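Notes for the one structure printed next.
Protein chains: 2
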Amino acid sequence: MSGLRARQKADRHRRIIEAAAELFREAGYEGAKIEAIAAQAEVSVGTIYNYYENKGDILGAIVSLEVNEVLNAGRGVVANPPANVGDALDTLLGIYIEHSLHYLSKEMWRQAMAISTQLPDGPFGQAYTALDRSLTEQIRALIARLQALGLVKQDIDGQALGELIFNNMNMMFIEFVKRDEARIPELRTAIRRQNRILVAAIGV
Amino acid sequence: MSGLRARQKADRHRRIIEAAAELFREAGYEGAKIEAIAAQAEVSVGTIYNYYENKGDILGAIVSLEVNEVLNAGRGVVANPPANVGDALDTLLGIYIEHSLHYLSKEMWRQAMAISTQLPDGPFGQAYTALDRSLTEQIRALIARLQALGLVKQDIDGQALGELIFNNMNMMFIEFVKRDEARIPELRTAIRRQNRILVAAIGV
DNA sequence: TTCTAAAATTGAGTCAATTCTGTTTTTATG
DNA sequence: CATAAAAACAGAATTGACTCAATTTTAGAA
């Protein structure tokens, strides 16, 4: 019935992702040749292309796993935010940023971001856009929660604010991954400073 | 003395850029083969790589020309801004956005942005980062001007505010070039809506 | 169990960016 | 104005992502 074929398929997917993740980590994205990934996954080159449209999509699958974890971690903050607008934002964005380099190197992020703008209609491009939207939505949800708690003015345009905060953080993160010597604490400090303007504007 | 070699060099640079610009326009970035650009520029493939590190750098040179024009156009607004904070911002950002598709197609922008994050240390990557900084700086200058005119609170953190506004606009522009069907008026409206929050916060 | 159509796999072949090496042109010096 | 060193050029060779036609494997009907 459901069996063999589906199981083999899932298994090959997993093997390809694991092989790619290992080689990307060891050799970098460019350094990891498709032939090497295929060999490591004990699969032929053609098969990889049966599962993923192109090399970027393999990286994309890995990045998606990571971002989904971040989204999950963020739920806790939205449900139970610190009782201070600035801290609440800092905590949520802090989770995004601190998680970001767990599995993915800066180089992998650079490649992933590049691919998502280069091929916005490819599988990964679309997935990445959706993930960005989910993150924006989560920030918007946090703002709504803070409004419910009476910490943020009721008449604030939550949608626009969420976009503003996400877009700024995302752009800062892009600059961060572009510079290998950039460090997370400085990134967070810079974002806090930018958000201070907003926090002052929206607090009750 | 200075002569022949330098002249030939400048001439070849120009021919390569012109050939590439024409082919990128006609065939798109991917569609424009290096061999074709070389043929059109009456130069060999090897010579192109003597002038530019890779295909992306050729596009980069073209993008830089465009962004520099935009920066020039922006100077006028900073020197003489509309007497209203929201309008002043909208006018400056409007210039950036309206100019953007003059010479460059969305596809060219996508490629250029992708390359600049993929190879941040390449010639174009560095140039692009510098251009972003110049644009941020110009927004900061506008804010300073508005402060001098008494339209913006004195105690506003102009640096952070400039970054916030630029980063948000830039991210919106990235999303804009990723969707072929996206239109400029809607982009400007969305950015105005986001900036409204800031305008409310910083006006005297 | 046996057979057949559909699905999946394979790896040699294609294509285009980039590199490399030998040649030509320019410069500057005696 | 001859010439050697330096700079630039040409295009053939390399490399690696991606394609495709042939082959193998699976599902399920008889």
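From first to last, the protein sequence lines stand for chains U and V.
With our numbering applied, the first sequence corresponds to residues 1168 to 1371, in that order.
With our numbering applied, the second sequence corresponds to residues 1168 to 1371, in that order.
Note that CB positions come from ideal geometry on N, CA and C, so glycine has one too.
Quick caveat, the model's predicted, so the values are computed rather than measured.
In this structure, glutamine 1285 of chain U sits near arginine 1277 of chain V, with a CB-CB distance shorter than 8 Å. Straight across, the Cα-Cα distance linking arginine 1192 of chain V with alanine 1203 of chain V is about 13 Å.
Counted as a single uninterrupted DSSP element, the alpha helix (DSSP H) harbouring proline 1290 of chain V occupies residues 1290 to 1315. For valine 1319 of chain V, the three-state secondary structure derived from DSSP is strand.
For the C-beta of arginine 1363 of chain U, the chain V residues within less than 8 Å are, from N- to C-terminus, Asp1324, Ala1327. A straight-line Cα-Cα distance of about 36 Å links arginine 1360 of chain V and alanine 1194 of chain V. With respect to the 8 Å criterion, arginine 1355 of chain U and glycine 1261 of chain U are classified as neighbours on the basis of their beta carbons. Comparing C-alpha distances from threonine 1303 of chain U to each of U:Ala1250, U:Ala1357, U:Leu1238 shows the shortest one belongs to U:Leu1238. Using a Cβ distance threshold of 8 Å, valine 1210 of chain V and arginine 1174 of chain V do not count as a contacting pair.
Under DSSP, glycine 1370 of chain V shares a beta bridge with V:Val1319. At least 8 Å separates the CB of asparagine 1221 of chain U from every CB of chain V.
The three-state secondary structure of aspartate 1324 of chain U, taken from DSSP, is coil. For aspartate 1224 of chain U, the enclosing alpha helix (DSSP H) has its first and last residue at 1222 to 1246.
In this structure, glycine 1329 of chain V sits near arginine 1307 of chain V, with a CB-CB distance shorter than 8 Å. None of the residues of the stretch 1174 to 1191 of chain V has a beta carbon lying less than 7 Å from any beta carbon of chain U.
Within chain V, Asn1334, Asn1335, Met1338, Met1339 have C-beta atoms less than 7 Å from the C-beta of asparagine 1334 of chain U, given in sequence order.
Per DSSP, the unbroken alpha helix (DSSP H) holding arginine 1277 of chain U starts and ends at 1273 to 1285. Collapsing the DSSP output to three states places arginine 1359 of chain U in a helix. Going by DSSP, leucine 1268 of chain U is part of no alpha helix (DSSP H) at all; its letter is neither H nor E. DSSP places lysine 1200 of chain U outside both helix and strand once states are collapsed to three, so it counts as coil.
The closest CA to that of tyrosine 1196 of chain V, considering only V:Ile1229, V:Asp1324, V:Pro1287, is found on V:Ile1229. Pairing valine 1234 of chain U with leucine 1298 of chain U gives a Cβ-Cβ distance under 8 Å. DSSP places tyrosine 1216 of chain U in the uninterrupted alpha helix (DSSP H) bounded by 1212 to 1218.
At least one CB atom of chain U sits nearer than 8 Å to the CB of lysine 1345 of chain V.
When rounded, the separation of the alpha-carbon atoms in isoleucine 1183 of chain U and alanine 1208 of chain U is 5 Å. Between the alpha carbons of phenylalanine 1340 of chain U and serine 1267 of chain U lies a distance of about 10 Å. Within a 10 Å sphere around the beta-carbon of lysine 1345 of chain U sit 16 or more other beta-carbons, which makes this residue buried.
Taking a Cβ-Cβ cut-off of 9 Å, the neighbours of alanine 1281 of chain U in chain V comprise Met1280, Ala1281, Ile1282, Ser1283, Thr1284, Gln1285, Leu1286, given in sequence order. Listed along chain U is no residue with a C-beta nearer than 8 Å to that of glutamate 1233 of chain V; the closest approach is about 17 Å. Cβ neighbours of isoleucine 1225 of chain V within its own chain (closer than 6 Å, five residues either side excluded): Ala1187, Tyr1219. Assignment of asparagine 1334 of chain U by DSSP, reduced to helix, strand and coil, places it in the helix class.
Along the stretch 1260 to 1281 of chain U, the positions whose C-beta sits under 8 Å from a C-beta of chain V are Arg1277, Gln1278, Met1280, Ala1281, read in chain order. Proximity of arginine 1312 of chain U to chain V, defined by a Cβ-Cβ separation below 8 Å, is not satisfied.
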